[in-house]
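**Student:**
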Amino acid sequence: MGKNKFGYGWLLKFILAAILLGVGIYMYFADQVVYAITGIAIIVFSLLRVVPLVKSLNKEVLRTLNIIEIIFDVLIGTLITYIAFAKGDVLDSEPIWAAVYRYALVVFFYGRALVYFNSVVFFGEKTEVPKFWAHIVIISVGAMIAVSADFNYEVVGLIFLIISLIGAIYLGYDGYGGYKIYREKSLALNEGKEASVENEKPKDKQKKKPVIEEPEEEKRPYVN
Numbered sequence: 191m192g193k194n195k196f197g198y199g200w201l202l203k204f205i206l207a208a209i210l211l212g213v214g215i216y217m218y219f220a221d222q223v224v225y226a227i228t229g230i231a232i233i234v235f236s237l238l239r240v241v242p243l244v245k246s247l248n249k250e251v252l253r254t255l256n257i258i259e260i261i262f263d264v265l266i267g268t269l270i271t272y273i274a275f276a277k278g279d280v281l282d283s284e285p286i287w288a289a290v291y292r293y294a295l296v297v298f299f300y301g302r303a304l305v306y307f308n309s310v311v312f313f314g315e316k317t318e319v320p321k322f323w324a325h326i327v328i329i330s331v332g333a334m335i336a337v338s339a340d341f342n343y344e345v346v347g348l349i350f351l352i353i354s355l356i357g358a359i360y361l362g363y364d365g366y367g368g369y370k371i372y373r374e375k376s377l378a379l380n381e382g383k384e385a386s387v388e389n390e391k392p393k394d395k396q397k398k399k400p401v402i403e404e405p406e407e408e409k410r411p412y413v414n
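Start counting the sequence shown at 191; every next residue gets the next number (my numbering).
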């Protein structure tokens, strides 16, 4: 019975995929939502790094450097989140908040890249090739945001939409695999019941017939 336990994680993945895609599409058209998601994402990303970083970094100077970066990142995320909820109604009429949002992202990306490269070059922190190139991309994104005159929330909304689409496809595919396994187990369960019924029928037919013992001949005394 343990082998046929049903899992319903696929259903949650289907629902999450639909929600993720819906939110991604909505974010592309709603500046306030883009600001809020950006700020919250920066705060969560920063806070979740604290304990692993403190435990894994061997040098005190590296711990201090990364903690300072995290504090600044949390402040940046808090500022962007504040703009989203406190100034959401005037984002279109007051371009100052779009500029604050833009350069807050520049500081965030540049800060992450500079801390990483300083750790690797000056403090001997070992790294991997994908991580190195990822930070090249990060500092390049920061530079593009800083110099691009056309940058606005719609660009970030489009990026979020692409990420949401990729995430929805991944969750949908994973959920499809889970649902397929669920149906296979369902089929196996039904076939197992039918097989057990069929196996019981021959047993009934093959029941041992009662053996009727033939009466023994009466033993009579021998007469000469």
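Where a beta carbon is used, it is the ideal one built from N, C-alpha and C, also for glycine.
From the beta carbon of Gly267, is the nearest beta carbon of chain D less than 8 angstroms away?
**Tutor:** Any reference to chain D falls outside this structure, which holds one protein chain only.
**Student:** Taking the continuous alpha helix (DSSP H) assigned at Tyr198, which residues delimit it?
**Tutor:** Note, Tyr198: premise wrong, no alpha helix (DSSP H); not H, not E.
**Student:** State whether the stretch 362-372 contacts the stretch 203-212, with contact taken as three or more CB pairs (one from each stretch) at a distance under 8 angstroms.
**Tutor:** Segment contact: the stretch 362-372 against the stretch 203-212, three or more CB-CB distances shorter than 8 angstroms; contact assigned.
**Student:** Between the Cα of Val296 and those of Trp323, Ala336, Tyr225, spot the shortest distance and give me the residue it belongs to.
**Tutor:** Ala336
**Student:** Once DSSP output is grouped into helix, strand and coil, what is the label at Ser283?
**Tutor:** coil
**Student:** If you measure between the beta carbons of Thr228 and Ile270, is that distance less than 8 angstroms?
**Tutor:** Ile270 sits close to Thr228, with the two beta carbons spaced by under 8 angstroms.
**Student:** When burial is assigned at 16 or more other CB atoms within 10 Å of the CB, is Asp279 buried or exposed?
**Tutor:** exposed
**Student:** Exposed or buried, which one is Gly314 when buried takes at least 16 other CB atoms within 10 Å?
**Tutor:** exposed
**Student:** Starting from Phe322, trace the alpha helix (DSSP H) in both directions and tell me its first and last residue.
**Tutor:** 319-337
**Student:** Since Phe298 contacts Ile359 with CB under 8 angstroms, what's their CB separation in whole angstroms?
**Tutor:** Phe298 to Ile359, Cβ: 27 angstroms. No contact.
**Student:** By the three-class DSSP mapping on this structure, what secondary structure does Glu259 have?
**Tutor:** In the structure shown, Glu259 adopts helical secondary structure according to DSSP, grouped into three states.
**Student:** Applying the criterion that 16 or more other CB atoms from any shown protein chain within 10 Å of the CB defines a buried residue, is Ser354 buried or exposed?
**Tutor:** buried
**Student:** Span of the alpha helix (DSSP H) holding Asp340?
**Tutor:** From DSSP, Asp340 is part of no alpha helix (DSSP H); its letter is neither H nor E.
**Student:** Rounded to the nearest angstrom, how far is the Cβ of Ala303 from that of Ile329, given a contact under 8 angstroms?
**Tutor:** Between Ala303 and Ile329 a beta carbon distance of about 4 angstroms is seen, short of the 8 angstroms cut, so the two are scored as contacting.
**Student:** Closest to Leu210 by C-alpha separation, out of Lys245, Arg292, Ile261, Leu361, would be which residue?
**Tutor:** Leu361
**Student:** Please classify Ala294: does DSSP put it in a helix, a strand, or coil?
**Tutor:** Collapsing the DSSP output to three states places Ala294 in a helix.
**Student:** Quick one: grab the DSSP three-state call for Glu374.
**Tutor:** DSSP places Glu374 in helix when its eight states are reduced to three.
**Student:** So, do the stretch 340-350 and the stretch 212-227 have three or more beta carbon pairs nearer to each other than 8 angstroms?
**Tutor:** yes
**Student:** Return helix, strand or coil for Ile209, following the three-state DSSP convention.
**Tutor:** helix
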